[in-house]
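Residues in the sequence shown are numbered consecutively from 219, following our numbering.
Virtual Cβ for every residue (Gly too), placed ideally from N, Cα, C.
Remember, it's a predicted structure, so these values are computed and weren't measured experimentally.
Each remark here refers to the structure printed beneath this line.
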Amino acid sequence: MFNRRRFFKSLGIAGGAVAAASVSRVAMAALPEPIIQTTPDTMPPLVPKDGRPYNPVVTLNGWTLPWRMNKGVKEFHLVAEPVIREIAPGMKAHLWGYNGQSPGPTIEVVEGDRVRFFVTNKLPEHTTIHWHGQRLPNGMDGVGGLNQKQIDPGKTFVYEFVARRPGTFMYHPHADEMTQMAMGMMGFWVTHPKGSHPLIDPVDRDFCFLLNAYDIDPGSATPKVNTMIDFNLWTWNSRAFPGIDTLNVRKGDRVRIRIGNLTMTNHPIHLHGHEFVVSGTDGGPTPKGSRWPEVTTDVAVGQMRQVDFLADEEGDWAFHCHKSHHTMNAMGHNVPTMIGVDHREIVSKITSLIPEYMVMGERGMADMGEMEMQIPDNTLPMMTGAGPYGPVEMGGMFTMLKVRRDQKPGDYKDPGWYKQPEGTQAFEWTGALTEPARFKSEGRQSMSLKETPKKEVEVTVKKPAGGAHGGH
Ligand SMILES: [Cu+2]
219 MFNRRRFFKS
229 LGIAGGAVAA
239 ASVSRVAMAA
249 LPEPIIQTTP
259 DTMPPLVPKD
269 GRPYNPVVTL
279 NGWTLPWRMN
289 KGVKEFHLVA
299 EPVIREIAPG
309 MKAHLWGYNG
319 QSPGPTIEVV
329 EGDRVRFFVT
339 NKLPEHTTIH
349 WHGQRLPNGM
359 DGVGGLNQKQ
369 IDPGKTFVYE
379 FVARRPGTFM
389 YHPHADEMTQ
399 MAMGMMGFWV
409 THPKGSHPLI
419 DPVDRDFCFL
429 LNAYDIDPGS
439 ATPKVNTMID
449 FNLWTWNSRA
459 FPGIDTLNVR
469 KGDRVRIRIG
479 NLTMTNHPIH
489 LHGHEFVVSG
499 TDGGPTPKGS
509 RWPEVTTDVA
519 VGQMRQVDFL
529 ADEEGDWAFH
539 CHKSHHTMNA
549 MGHNVPTMIG
559 VDHREIVSKI
569 TSLIPEYMVM
579 GERGMADMGE
589 MEMQIPDNTL
599 PMMTGAGPYG
609 PVEMGGMFTM
619 LKVRRDQKPG
629 DYKDPGWYKQ
639 PEGTQAFEWT
649 GALTEPARFK
659 SEGRQSMSLK
669 ETPKKEVEVT
679 VKKPAGGAHG
689 GH
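In structure tokens:
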């Protein structure tokens, strides 16, 4: 649901808006009212009510910002402000974002549209907006200090340009970037082609989301902004599994997924059950002759990738980052590997002192997925999520593509779990087991398979002589 807030009332000052000198011709009295959204639910596509028609996108756990048409110009109002974002049920983060959310709302326009952005700064420090990937006049590029003055707290600046080429873009501050992006300031931008385009095929469903990451200590709510590598929450649109909505499609749909990366590392994004092609980057649609089938595409830092595929296999297909640490929630990395370690003796000693002591990891870490362990307030279990057959043992950048033959066109609701047809699911073998014939090498290897006979080695230890303590 949209909440409308009175702009001047919320700023607490009457007529407090100040325009950039270069666009002072814009009548401030005509400032569009900002539209605020506070739920992290995936909103249905925003079908354009005016302007040129297009097939709208669906932002995972996000929404598209409505505009106002003013004498042929699409006017938007972005408010940079502190927000509270639910990362997944059970954890809320204190972030910075736009219009009530991190990421901010998706901007959707059509190639050739003239767009005007009113950007109000309600942060405690200055900011700007850079329109990543756009062709625009240099003074609209948003690098604070280089292309424009910083937008000080309480001020409103105006950006205006023509969306010259169709494609997949994003926006983010270019002012105290490390802090402001670590706090969640970013948003998606899609410029739809006007009419048919030789390199942009029509699709039935078009999804988008940003890759972002946070370092929030368990029990706290504000990201540590100086973290460079060791983030503990890997998120899509500031949501972690099981908080990321599923991508629900109808069997036979042509599907497009657009992904942008504003984290500090690359993410190989992997889809199960289907092959896709990279149909576009932030540089625009890719030439058709350059496309080859993939099931994983790496999205490097600062890049966008747009993939297209035909959803022709029914089921619940995992869709995730292939870095296995990125499908985990908050975890410590300085933990020794305990696989194969027999704790039994030490455990009985410890539990006599600390009755609730738990042994972890001597048979792998899968136990973590089903354990009912006490965790601090406001954090997420490392591995979580229950599927129809037990714990999914995932976190972070993980969700599912759900393909159903009876999903109605235009219906984005979660259809529930897929029921595999009889005889099409992996099953337990209950027949006799024979020993596998293992390969034995007798060849010239640097290390022989044959054991060399052990020689008893006797060691005599001599401690330094002298003093009262003699050696044994
Ligand atoms: Cu990743």
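Given this structure, state the Cα-to-Cα distance separating residue i from residue j, to the nearest angstrom.
i	j	result
ILE325	SER566	59 Å
GLN319	VAL495	31 Å
PRO271	GLU329	11 Å
LEU528	MET404	30 Å
LEU264	GLY507	33 Å
GLY290	VAL333	9 Å
VAL276	GLY634	19 Å
ASN365	ASN356	7 Å
VAL473	GLN524	10 Å
GLY631	MET546	A small correction: the amino acid at residue 631 is Lys; Gly does not occupy that position in the sequence shown. Looking at the two C-alpha atoms, the distance is approximately 26 Å.
GLU532	ARG622	5 Å
LYS367	PHE336	15 Å
HIS540	ASN484	10 Å
VAL376	ILE305	31 Å
LYS626	VAL301	35 Å
SER242	LEU451	Any reading at SER242 must be qualified, since the residue scores a pLDDT of 43, below 50, and its modelled position is unreliable; no value is offered.
GLU611	PRO486	19 Å
LEU571	GLU563	14 Å
HIS538	ALA439	25 Å
TRP647	GLY605	22 Å
PRO323	GLY360	18 Å
GLY413	VAL517	29 Å
ALA650	THR642	22 Å
THR256	PRO262	15 Å
PRO511	ALA655	37 Å
VAL679	GLU653	47 Å
In chain order, what residues of the same chain lie with their CB nearer than 6 Å to the CB of residue i, ignoring the 5 residues before and after it?
i	result
LEU465	PHE425 and LEU619
ASN279	PRO258, THR260, ASN455, ARG457 and ASP463
ASP268	MET287
VAL380	ARG332
ALA644	none
ASN339	ALA298, THR345, ILE369, PRO371 and LYS373
VAL467	ARG423, VAL473, ALA529 and VAL621
HIS544	TRP452, GLY614 and MET615
Within the same chain, show all residues whose beta-carbon is closer than 7 Å to that of residue i, passing over the 5 residues directly before and after it, in chain order.
i	result
THR771	Residue numbering for the chain in the displayed model covers 219 to 690; residue 771 lies beyond these limits and cannot be assessed.
ARG353	ARG382 and ARG383
GLY498	GLY385, THR386, THR504 and GLN524
ILE418	PRO384, PRO411 and PRO503
ALA393	HIS344, THR345, THR346, GLY362 and GLN368
MET446	MET482
PRO342	PRO371
GLU674	none
Below 8 Å on the Cβ atoms is my guess for residue i versus residue j; work out the distance and round it to an integer in Å.
i	j	result
MET388	GLY478	4 Å
PRO594	GLY603	About 19 Å; that fails the 8 Å criterion.
ASP448	ASP433	7 Å
PRO441	ALA311	7 Å
MET522	GLY351	7 Å
ARG476	VAL408	7 Å
PRO307	GLY315	Their Cβ separation, rounded to whole angstroms, is 19 Å, which puts PRO307 and GLY315 out of contact at 8 Å.
ASP526	VAL421	7 Å
Pick out whichever of the options has its Cα sitting closest to the Cα of residue i.
i	options	result
PRO250	PRO274, GLU293 and PRO266	GLU293
ALA248	GLY498, THR409 and HIS295	HIS295
PRO266	PRO252, ILE253 and THR282	THR282
PRO252	TRP285, ILE302, PRO262 and MET522	TRP285
HIS348	GLU676, ASN339 and MET358	MET358
TYR636	GLU653, LYS469 and PRO627	LYS469
HIS204	SER542, ARG509, MET482 and VAL361	Residue 204 is absent from the model: the chain starts at 219 and stops at 690.
HIS492	VAL513, LEU571, LEU313 and GLY502	VAL513
ASP500	PHE406, PRO654, VAL297 and SER570	PHE406
THR453	ARG303, HIS415 and GLU646	ARG303
GLU395	MET482, PRO262, PRO511 and LYS680	MET482
THR397	THR648, GLU640 and LEU313	LEU313
GLN638	TYR607, THR652, GLY649 and PHE616	TYR607
GLY628	GLU640, ASN273, GLN255 and ILE254	ASN273
Please work out which residues of its chain come closer than 8 Å, Cβ to Cβ, to residue i, disregarding the five sequence neighbours upstream and downstream, and give them in chain order.
i	result
LEU480	MET388, HIS390, MET399, MET404, LEU428, LEU429, ASN430, VAL519 and GLY520
TRP535	LEU489, HIS490, GLY491, HIS492, MET618, LEU619, LYS620 and VAL621
GLU694	Outside the shown range of the chain (219 to 690) lies residue 694, about which nothing can therefore be said.
Task: Quiz: which residues have CB nearer than 6 Å to ligand 2 non-hydrogen atoms - done: Among the ligands in the structure shown, ligand 2 does not appear; only ligand 1 can be found there.
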